[in-house]
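Notes follow once the structure below has been shown.
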Amino acid sequence: MTPNKLFSIGMLVLSAFPLQAALKLPAIVSDHMVLQQKQANRIWGWEEPGTEVTVEFSGQIKKGCADGEGRWSVQLDPVVANARPQELMVSSPGQRLVVKDVLVGEVWMCSGQSNMQMPVAVDWNGDLEAVAAHYPQLRRIWVPQVGTQELQSDFKGQWESAVGATVRPFSAVGYFFGRYLHQTLGVPVGLIDNAWGGSAAEAWIRRSSLEADPRFERLMEITRKTEEYNASEKAQTDFEAAKEKHKGLVEQAKAEGKPIPPPPQGPEDWMKGKGRPGNIFAGVLHPMLGYGIKGVIWYQGESNTGRAWEYRALFPFLIEQWRKEWQQPEMPFYWVQLADYMAESKEPGESNWAELREAQTRTLALPNTGQAVIIDLGEGKDIHPKNKHDVAARLVRWALAKDYGVRIAHRSPEYKSMEVQGNKVVVTVDCFGSRLRAFDVEEARGFALCGEDRVWHWATGLILGGDKVELSCPEVSKPMAVRYGWANNPVCNLTSMEGLPLTPFRTDEFEMITQPKSGAK
């Protein structure tokens, strides 16, 4: 073929497509997407400023105009669930985009740390789940991890169906949660897989919102000092020295047959990472703000255990801010309480993991929230327990009961009151329509008592009447306070008749070990 003919063909191909197509949609508005039913859904994108854009879907025609920055949006009227694939058409003068295979159903955000990020492939039954998966109406979009202080407008991603091996990279908790919804409700389900292992809660919140709240003054002061250090020459010099030291540690570990130590983190790792306040909000959450979702499931907390006292304000603030950002003040938000982890406790005492769990439980004071207690599902030597099915099952109970009207047990028993009777204590538990049972043995285990000396001792427990536990301890003649499951990895065995564990609690208000000392900076 002659060069002239090649040139002519090339020009024909180019003329068939705009050289610079101005009309653009975000990644989340793409083929195979799921729209939230019974809710006004916002569709947005970009065009040349001042250009009119038309969106057509399910018999609706909506028009918008690109603003001075080239961004446009329209609101689709609410529609009911529809498993029949439809097309969403977006057009502007001379251009037309077609989003294919659009379903309408229930959309949930799956967010948090590595235990939410952990894929189906790693679950105990991951191989079996991949073989059994055939749910073309259960769909997921994965959001890449981008940490930045600059608000991002889009990300790279695509929707895909839960069929066969494609489920292997799905969030395991998200997949099982979504599958239960899909099978129970009989409608399409969309999952936004948006988690980042090791992330701190403050990284998921808009930076300016944290700066404006006086409760987080100390957090942001530390942040600014850390930023100043990481931007300095000293930080780079320290990093180079740490790398040299690491080389020696690697050689030593190899010689001794020990695990290779992780490499040191550079200044940029933190600046662009998962712990800097606002980083994940700007890089990961902001690009999808306004996309119609029903609610959020959240599995995070491990990275904040050293600041559990602060988490009592930070975690509910995160929920309130997300609802504000989405302009959905009643958006359901359900989370997983920290599992048991590390060595089992030999003696009762203090625990920052227990304090973080308490902060999570306190957040139930917010409306439309729920907590999946998994104090029985952890693995002492692995912070990533492999049984994600039961975690998701406890989460989905909340959604089915609270959001979809299914009559099903969903709330773990919680402490209600205590009464001192001589040298014994009777604890009353709210079982929410169920009864207490002791797993494995008849004795109620996991309780500790203390007297005025504030020294904790294990207590012997006996279930009374289905919602009470009688506690006694030879070392505590005048009991003053009770704790249950108060440890990093407690040995405790009370559940409801449906197997939902009693929520760890304490009746005392002693100073928390994670509470900053007076005057600390």
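Position one of the sequence shown corresponds to residue 118 (the working numbering), numbered consecutively onward. We treat Cβ as the ideally placed atom computed from N, Cα and C, and that holds for glycine.
Which of helix, strand or coil does DSSP assign to residue i?
{"i": "P384", "result": "helix"}
{"i": "Q454", "result": "coil"}
{"i": "G176", "result": "coil"}
{"i": "Q353", "result": "helix"}
{"i": "Y601", "result": "strand"}
{"i": "A133", "result": "Confidence is the limiting factor: at A133 the pLDDT is only 36, short of 50, which leaves the residue's position unreliable, though a coordinate-based value still follows. Coil at A133, not helix or strand."}
{"i": "V367", "result": "helix"}
{"i": "N469", "result": "helix"}
{"i": "L483", "result": "coil"}
{"i": "G61", "result": "There is simply no residue 61 to check, as the chain begins at 118 and stops at 638 in what is shown."}
{"i": "L214", "result": "strand"}
{"i": "V543", "result": "strand"}
{"i": "A516", "result": "helix"}
Go ahead and label residue i buried or exposed: buried means 16 or more other beta carbons lie within 10 angstroms of its beta carbon, across all protein chains shown.
{"i": "T354", "result": "exposed"}
{"i": "E464", "result": "exposed"}
{"i": "W313", "result": "buried"}
{"i": "Y428", "result": "buried"}
{"i": "N605", "result": "buried"}
{"i": "E246", "result": "buried"}
{"i": "Q444", "result": "exposed"}
{"i": "L483", "result": "exposed"}
{"i": "Y346", "result": "exposed"}
{"i": "R600", "result": "buried"}
{"i": "V558", "result": "exposed"}
Verify whether the separation of the beta carbon atoms of residue i and residue j is less than 8 Å.
{"i": "L140", "j": "L205", "result": "no"}
{"i": "Y252", "j": "V280", "result": "yes"}
{"i": "A144", "j": "F293", "result": "no"}
{"i": "P236", "j": "A289", "result": "yes"}
{"i": "G409", "j": "L152", "result": "yes"}
{"i": "L617", "j": "S534", "result": "no"}
{"i": "T340", "j": "P384", "result": "no"}
{"i": "A510", "j": "P621", "result": "no"}
{"i": "G222", "j": "A198", "result": "yes"}
{"i": "S326", "j": "Q438", "result": "yes"}
{"i": "V537", "j": "L566", "result": "no"}
{"i": "G181", "j": "S175", "result": "no"}
{"i": "L473", "j": "A425", "result": "yes"}
{"i": "L142", "j": "G162", "result": "yes"}
{"i": "S228", "j": "P404", "result": "no"}
Per DSSP, which residues does residue i bridge with? Please list them.
{"i": "S278", "result": "R256"}
{"i": "Q153", "result": "G222"}
{"i": "F549", "result": "The partner list for F549 (beta bridge, DSSP) is empty, contrary to what the question assumes."}
{"i": "R554", "result": "T612"}
{"i": "G650", "result": "The structure shown has nothing for residue 650, since the chain only spans 118 to 638."}
{"i": "N606", "result": "According to DSSP, N606 bridges with nothing at all."}
Among the candidates the options, whose CA atom is the shortest distance from the CA of residue i?
{"i": "W515", "options": "V453, D499 and I500", "result": "V453"}
{"i": "E496", "options": "H506, W470 and A456", "result": "A456"}
{"i": "T478", "options": "Y408, Y451 and I500", "result": "Y451"}
{"i": "G412", "options": "G395, T486, K391 and W241", "result": "T486"}
{"i": "D310", "options": "R335, W276 and F333", "result": "W276"}
{"i": "I580", "options": "H574, W573 and L588", "result": "L588"}
{"i": "A518", "options": "H363, M614, L298 and Q632", "result": "L298"}
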